[in-house]
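With UniProt numbering, letter number 5 in the sequence shown gets 5, and the count goes up by one each step, no holes.
The structure under discussion appears below in the form of structure tokens.
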Amino acid sequence: MPQCGEPESLTEEVILQVAESEDTSPMELSPLAEVIDPDALETVVSSDSVIEVSFRYEGYTVIIDRNGNVTLQG
1 MPQCGEPESL TEEVILQVAE SEDTSPMELS PLAEVIDPDA LETVVSSDSV
51 IEVSFRYEGY TVIIDRNGNV TLQG
């Protein structure tokens, strides 16, 4: 997973933001797929009908809005 530049996917964005908040390497985090199906997440967020998706990951509530903006709470 590249550490510089723009994330290539929404799931990569989630992982990078959590790693930054934890001041750790993305490789030190548990796999995102253990808490949510990454393909399903990409599909749901890219659909026109979704307003917001949220789930728990590494002690944070991850919130993704309809525009794909990722916010961490916790």
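In this text, a Cβ means the ideal position worked out from N, Cα and C, and glycines have one as well.
Note that the structure is predicted; figures quoted are calculated from it, not measured.
For residue j and residue i, believed in contact at Cβ under 8 Å, the rounded distance
i   : j   : result
L32 : Y57 : 6 Å
E42 : T11 : 7 Å
I64 : V45 : 5 Å
Classification of residue i by the beta-carbon crowding that lies within 10 angstroms, buried from 16 upward
i   : result
V35 : exposed
I51 : exposed
M1  : With a pLDDT of only 43 at M1, under 50, the local geometry of the prediction cannot be trusted, and the value read off the model is given with reservation. M1 should be labelled exposed.
In DSSP terms, what residue i is bridged to
i   : result
R66 : DSSP lists no partner for R66.
L72 : V62
Endpoints, alpha helix (DSSP H) assigned at residue i
i   : result
S46 : P38 to S46
V14 : L10 to E22
Run of the beta strand (DSSP E) containing residue i, from where it starts to where it stops
i   : result
V53 : E52 to Y57
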